[in-house]
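Peer 1:
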Amino acid sequence: MKGEKFPIALAGVPYLAVLGLFTVGAYFLYKPLAALFGLLFLFCAFFFRNPPRRIPGDEGIILSPADGVVLSVDDLTEEMFIGGPARRVSIFLSIFNVHVNRSPLDGEVKYLHYRPGKFLPAFKSHASELNEKNFIGIEAPHLRVLVTQVTGFIARRIVCYVRCGDVLRRGQLFGLIKFGSCTELYVPRHVEVCVRPGDKVKGGETVIGRFTA
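Okay, so the sequence shown: first residue is 1197 according to my numbering, each after it adds one.
1. Does Y1226 come out as helix, strand or coil in the three-state DSSP assignment?
2. Comparing alpha-carbon positions, which option in V1343, Y1226 and V1220 lies nearest E1497?
3. Distance check for A1282 and D1270, CA to CA, integer angstroms please.
4. Helix, strand or coil for A1262? Go by DSSP, reduced to three states.
5. Give the straight-line distance between the Cα atoms of E1450 and Y1223, rounded to the nearest whole angstrom.
6. To the nearest angstrom, how far is the alpha carbon of I1257 from that of V1383?
7. At 3 residues or longer, and completely inside the stretch 1339-1404: list those beta strand (DSSP E) runs for me, N to C.
8. Alpha carbon to alpha carbon, how far is L1238 from G1264? Give it in angstroms, no decimals.
9. Contact between the stretch 1298-1306 and the stretch 1359-1379 is defined here as three or more beta-carbon pairs at a separation below 8 angstroms; is this criterion met?
10. Taking only the alpha-carbon atoms, compute the straight-line gap between F1370 and V1266 and give it to the nearest angstrom.
11. Along the chain, where does the beta strand (DSSP E) that runs through E1328 open and close?
12. Rounding to the nearest angstrom, what Cα-Cα distance links R1406 and K1396 in this structure?
13. Inspect the beta-carbon positions of R1340 and F1243 and report whether they are closer than 9 angstroms.
14. Rank K1306, A1230 and R1245 by C-alpha distance to the C-alpha of G1151 and give the top, closest one.
15. Considering S1286, what are the terminal residues of the beta strand (DSSP E) in which it resides?
16. Starting from H1295, trace the beta strand (DSSP E) in both directions and tell me its first and last residue.
17. In three-state terms, what does DSSP make of V1208?
18. Would you mind sorting Q1357 into buried or exposed? The rule is 16 or more other CB atoms within 10 Å of its CB.
19. Specify the secondary structure class of T1408 as computed by DSSP and reduced to three states.
Structure (structure tokens):
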């Protein structure tokens, strides 16, 4: 995918370009203001960072789609894409986490749906049901998983690079959520979930679940 190996997510480049110009311009007009713009530039570079990840090559694993802390692991019924009993792993991302989203497994994008909504704090239990949300359904030869990008109180912009029919590699970038958010992973009930609430996870590296093909 375009820009996948670039150290800064492409969605952050316009912010850095504008702040860079403001920093240079302010330097010649009022240096304290230049320092403020410089700090904002550094923060955006930090927020939109895209560090390299070691993608595990094991068979039958599902990776975390995001960095953050596991908020909950719930049993439920998912009718939109999986079509039956499922488990949902909710991951909270603070503004200090890496915010790019990665594909949890090799597969084809079969389902996309955007739902407008509110901007409640992403760590609230009811935020998933009320907040703005983007759904990405990925189908592998023996498995379907659903990833959702959920906005938060600060995060109000969902970025999704993929379309239906795109084929993703495990760990490949497919989007990001700007400035603090929640990412959810839905898997069929037979998948063995390997994390629990409170665990820290890394997108594209941490094994979330295991399944038998």
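Positions of the beta carbon are idealized from the N, C-alpha and C atoms, including for glycine.
Peer 2: Inspection of the coordinates gives the following:
1. coil
2. The requested residue 1497 is not part of the displayed model; the chain covers only 1197 to 1409.
3. 8 angstroms
4. coil
5. The first residue shown for the chain is 1197 and the last is 1409, placing residue 1450 beyond what the model contains.
6. 12 angstroms
7. 1339-1346, 1353-1356, 1369-1374 and 1377-1384
8. 21 angstroms
9. yes
10. 20 angstroms
11. Here E1328 belongs to no beta strand (DSSP E), and DSSP marks it neither H nor E.
12. 18 angstroms
13. no
14. This structure cannot speak to residue 1151, because the chain is shown only from 1197 to 1409.
15. G1280 to L1289
16. No beta strand (DSSP E) contains H1295, which DSSP labels as neither H nor E.
17. Position check: residue 1208 holds Gly in this sequence, whereas Val was assumed. Here G1208 sits in helix by DSSP.
18. First, the residue type needs correcting, since residue 1357 is Tyr and not Gln in the sequence shown. Buried: at least 16 other Cβ atoms inside 10 Å.
19. coil
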